[in-house]
Amino acid sequence: MYKIFTGVLWRYHCRIYKFLLIMKLIAVILIGSLIQVSAAAVAQKVTIRENNITLSRLFKEIGKQTGFSVVWSDAKVMNTERVSVNLKNIPLEEALSKVLGTQPLDYEIDGKTIIIKEKSKTVLEKISSFFQGDSTLYHGRVLDERGEPLSGATIKLKGATKASVSRGDGYFERYGTPRGTIIITYVGYQTREISLAGRNPGEQIVIKMLPGQSQLGEVTVVSTGYQDIPKERATGSFEVITKEQLQHNTNPNLLKRLEGITTGMDFRNDLYRVNSSAQNPNTNPPLLSRLTIRGKNTLTKASPGTNTDMNTSGYPLVVIDGIPRENPRDIEMLNPDDVESINVLRDAAAASIWGARAANGVLVIKTKQGAVNRPARFTFSGNADITDKLDMFYKKRMSISDYVDAQIYSYQYRYPDVVGEPNLTNAQPTLSPVAEILNYTRMMRTQQLSDNEKAALRADSAAQIDALRRNDLRNDYSQYLLRNAVNQRYNLAIDGGTSALAYRVSAGYVNSVANTDGSGANSLALSYNTNVRLLKNLTLDVNTSLLNSNSKTQSLNNTLSLNSIQKPFYPYSRLADDNGNPVEVTNLYRPSFVDLLENTYGNKILSMRWFPLEDYKAGYNKTSFYSLNLNATANYHINDALTAGLTYGYNRGWNSYINFDSKDSYFMRERINRFTDPGTFDRPIPVGGLYVPNSANSEKQILRGLFTFNKSWNEKHAINAVAGFDIDQYKGRNWSDFYYGYDEDRLKQDNAVLQFNTVFPYLFADENYTPASQIPILAKGYYETITRTYDLFSNVAYTFLQRYSLSGSARKDASSAFGLNTNKKGNPFYSLGAAWIINNEPFYKLSWLPSLKIRTTYGYNGNTNPRVTANPYINNYNPYKGTNQLYYATLTTDVITNGKLRPERTGMFNAGLDFAFRDNRFSGSIEYYDKQTKDLITSNLVDPSLGKNRLTFNTGDLHGYGIDANLNSVNLRTEKMQWTSSLYFSYNRTKVKKLYTTAPQTANNAVGPGVANFFTEGYDINRLFAWKWAGLDPETGYPRVFLNGQTVTVTGTDNSVINMLHDAPISELRYMGSAVPIYYGSFRNTFTYGSLMLAVGIQYKFHYFAQRSNFDIANYYYLLRYDVQAGAEFANRWKQRGDEAFTNVPSMVYDSGMSNRDSFYQQADINVYKADHIRLQEVQLNYTFKNIGKKAYLKTPRIFMNVNNLGIIWRANKLGLDPDTFDYPQPRTYSFGFSTSF
């Protein structure tokens, strides 16, 4: 008992203890925050003793001492007189009044901002200015529709060429005349014109912008994860997704919300397709494994279907609040309501600063923060999602009657003689119910029966078989196991701040009832973000979060999954009788053998009867994910332009997978009985459950030093630069174990007394006639990796005259995963970029196109594979080689020392055009990119003298290219109504340029089972080949294909023909095209009328192909040998000469060549279809209550309803297939919710 406590429970006890410590820490921080809130209420005072200084220098000093932002115009301050001041600990406002008393300036304090402005003119001065046309300085602030400041808005005087730009806090200053009009433009918002007539220059002009594209939500600051850059100065390819855009969907998985609202992203860019019937979404690989940004850049992408928690090769890099995450499930657990924005870095200029991990794109996620000088604000949202049942009849399968006929046909070949009754030394494999009926009939015919008895026997057999024809397992499955999935989600956040502190605390909880009985999930996301001004030039940012996700489904050994509707199930099986009572179903042994065991041993053994509707509840499969994150950054503002920062990041992840079969499960009852001693009835396997835990833990620490430089001067020059280093260490561990005799209530296990090295006689021979064996063990495994990296990086962007921008970045990566020679030379990654804002040119006169910018970049990014190392390593530990043997290490040299191992490198050229027509009636961006990937890591043959035949190292090149376009239009705009549209379009093609490999490029490799891992020079990385179909043989109905221009009949039994076809060159196959979309994107329309908003999202994918599933067509080998139901086309199979004129379905023949005939038919071009389709993905309806009174407790409450997965509205294939799913289409989901702040 001690062992299981320390091995299993202690881990959970530690987690609970750590969780409590975290909550205590958050409480301490909150209390500290409240204390500082109180302390900050004290008035600001200043002390300055200076002689003959400029006002600019004086204002900077005031800002340093108070922490306030001081805003002034260099043009006006430049002409003022120098001052001498002697101020000692006097209030801020008094100090300002004394300093400006004799100057032509005045001041205004707005929150933490001091605005230096021109003194108001007298009436006489105003009249004089009007007639003389004097230029006057006006100042104001630009806000968005929510009252938040807009940075980067363009302010022009009507008829003038020069423009001003609003700062980060939204403030601006602009010269004008009392007769003039200023024009304010901002991409994504309606253009505003403000008349200056009658305005007092001393008063602030507050300009509230209205969205021109409500779904666009574009901001003017982009983030690389290291620094924020004004978008107008950026040369790279950044796609910014705002928090408003993320509200188009209520899915708790953040990644799923990204689909359909940006360009370049494909969520199914592989030969694999979604397994939508999985009861537990966490048993599928991470969603990040199915996401590509601008196509694939590697041949060794971590494969779906495997434990990918420690391998992110080929995945986009995820950066959350500046810290890269190793666990690909972290982004899935992140609360979408905590996200402020997501920056998608797509080209080298945007992403190369992340070096060896940026080739697949980077997702830079910024979480929401508090705000200074704002009282506490509570934000709440909640929604419920209801998902329809899966459509069990989506797959077009052969009719139950045809299936029964096929079993009758195969019976005579599989069982040429009567199958005798089983005995204790011969359990025999099970027979299908049809075979049992036929076998009984055949056996009775050997008896002396009268003609009437024979007739009655035939009638009874026919009646039993006909009764089976009327059953359909899918009906029972849908009635007793399927249900509507229900998802409930709640979020509560508190944010605010004082002049010295900003904070945000949030909690999100999700509870999910999955689509199959006995399955569900829940998740919890806690976060606390704070920003504290410790000294006048020193700030501390702390972001903490605890993420947890748990799921539970049926045990893997007892599961009644949607794909298990085959042996031991048959399409006509029943799960319950007409009254809904569970019925017995044959499992491993024939019914007569089960009766024999009961009659022979009675209650000395456990029951051997299987009731599926009861048994699936006797166990579970649990998955848990935890992620603890702490980021702390101290920033010291050396001066107005230069900041030094030091960051420490810590991430700890626990991933746990547990499968448990209780003592009541059929799986354990059968195993315990089989090992029961036939003489003494002792049980080598004690009565109890089987507990199988698997764990994957990770820990990452990172230390970062960073210098940031941002400066603008003389309205001509602007520099944004960053330089620094990263030092990090990542530890990953995977291990597995198993425990027999496990009791959940007593936390007991019996491994210590089990004799794993002893061969025990069976109580009865199993279905494979095995008389004895050792107790089955699940080999304990252990895998550990430690990776240390050291990185140097820098990025500089320079802008001249607000028109010309140049950028450059460089990074050098060194890692313990790279080869020694590679680290000595370094792994340099760099980028260069240029941009030209044409509309800021004096000669630019196109008023109908007020915004026009071109940009281009080139540089290198990289990709690394954690599973490929430069040195041999210890792979695992293998226990239980003998009785109770301790762990010992086994060295598995999967690699040899490779000093030249290096990251894969992708060089990318990118060119873009950004534009906006007048009033943003039509705007967007178009980009073209071309990328060359070299040093691909893949397997290759080597000199056998090295001790290996095949090793993994750098060999191969890729070439990719494409277009991304984002087009937005305002189709209708009135005072109350607006209709906007957004078209997202992507074109991507990636081909294998060169493979330095000796793998045979034969037809068999290109169409066989390993096709997903086989690549062909000159073709798409995800390519689809097929045999050239030549119809059916008119004499036999066998499949025929073309080879060397000649027709070849595939008999299946002629090995010379099979070998000839398999060894044929790839040129003998038909190249169908890409297996992933070449053109893809979405089209969104948003309609608003007052407070009501309706949005419709459509997705499209064109120019790609898919292959029909082997189980959706006539698969005779599995049908006749293994009783697996074939496709509905079985009814149209070839039956006689002449049928080949109207059918391509081969004849049904039972012989040794079935498998070969099936494979050539299945892999023929007639079973490849165009996968192009258009899908109505979602409809969103919401209503915002805007006019509820200033004293109302709730602020802008909103109710909403979403419908997702509405279905395909057009498809190129005539089969009714959904190309994006492997088994069943995603069912429709209805969401209802409410959000508000107070």
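Under full-length UniProt numbering, think of the first position of the sequence shown as 1, with each following residue one higher.
Note that the Cβ used here is the ideal one computed from N, Cα and C, for glycine as well.
Return the CA-CA distance between residue i and residue j, expressed in angstroms with no decimal places.
i            : j            : result
residue 483  : residue 513  : 9 Å
residue 1144 : residue 266  : 34 Å
residue 450  : residue 456  : 10 Å
residue 191  : residue 252  : 36 Å
residue 640  : residue 799  : 18 Å
residue 1119 : residue 405  : 11 Å
residue 1220 : residue 598  : 49 Å
residue 1137 : residue 1026 : 26 Å
residue 21   : residue 628  : Confidence at residue 21 is low in this model, with a pLDDT of 49, below 50, so the placement of that residue is unreliable and no value is reported for it.
residue 731  : residue 533  : 34 Å
residue 264  : residue 345  : 10 Å
residue 975  : residue 1088 : 11 Å
residue 132  : residue 919  : Note that residue 132 scores 39 on pLDDT, short of 50, meaning its location in the model is unreliable; the coordinates nonetheless yield the value given after this. Each residue's Cα considered, the two are about 33 Å apart.
residue 296  : residue 863  : 11 Å
residue 49   : residue 241  : 48 Å
residue 516  : residue 1198 : 32 Å
residue 107  : residue 923  : 39 Å
residue 382  : residue 1232 : 8 Å
residue 294  : residue 930  : 10 Å
Could you name the residues that DSSP lists as bridge partners for residue i?
i            : result
residue 726  : 704 and 791
residue 1183 : 1092 and 1199
residue 295  : Answer by DSSP bridge pairing: none, since residue 295 is not bridged.
residue 1118 : According to DSSP, residue 1118 bridges with nothing at all.
residue 797  : 720 and 807
residue 654  : 626 and 697
residue 141  : 171 and 206
residue 1235 : 381 and 1198
residue 739  : 691
Under 8 Å by Cβ, that's how I've got residue i and residue j pegged, so tell me the actual separation to the nearest angstrom.
i           : j           : result
residue 833 : residue 235 : 3 Å
residue 760 : residue 675 : 5 Å
residue 613 : residue 480 : 6 Å
residue 936 : residue 299 : 5 Å
residue 136 : residue 71  : Actually they do not touch by this definition, with Cβ atoms about 18 Å apart.
residue 585 : residue 610 : 6 Å
How would you write the range of the beta strand (DSSP E) that residue i sits in, first residue to last?
i            : result
residue 993  : 977–994
residue 553  : 538–553
residue 579  : Residue 579 -> no beta strand (DSSP E), and no H or E assigned at all.
residue 755  : No beta strand (DSSP E) holds residue 755; DSSP gives it neither H nor E.
residue 287  : Taken as a continuous stretch (DSSP letters only), residue 287 belongs to no beta strand (DSSP E), as it is neither H nor E.
residue 1136 : Residue 1136 -> no beta strand (DSSP E), and no H or E assigned at all.
residue 1046 : 1046–1049
residue 964  : 957–973
residue 534  : 520–535
residue 934  : 922–934
By the DSSP assignment, the alpha helix (DSSP H) with residue i in it spans what residues?
i            : result
residue 465  : 451–469
residue 1007 : 1003–1007
residue 445  : 433–445
residue 667  : 666–674
residue 1055 : 1055–1062
residue 603  : Counting along the chain, residue 603 falls outside any alpha helix (DSSP H), and DSSP gives it neither H nor E.
Please confirm whether any heavy atom of the ligand FAD lies closer than 7 Å to the CB of residue i.
i           : result
residue 605 : Judged by which ligands are present, the structure shown has none, so any question about the ligand FAD falls away.
Runs of alpha helix (DSSP H) lying entirely within the stretch 394–425, each at least 4 residues, in chain order: 400–414
Enumerate, from N- to C-terminal direction, the unbroken alpha helix (DSSP H) stretches of 4 or more residues contained entirely within the stretch 1142–1169. 1154–1162
So within the stretch 339–400, which uninterrupted alpha helix (DSSP H) runs reach at least 4 residues, ignoring any that extend past its ends? 348–351
My parser needs the alpha helix (DSSP H) runs of 4 or more residues fully inside the stretch 60–121; what are they? 74–78 and 92–100
Quick check on the DSSP output: what are the complete alpha helix (DSSP H) runs of length 4 or more inside the stretch 469–504, in order along the chain? 473–480
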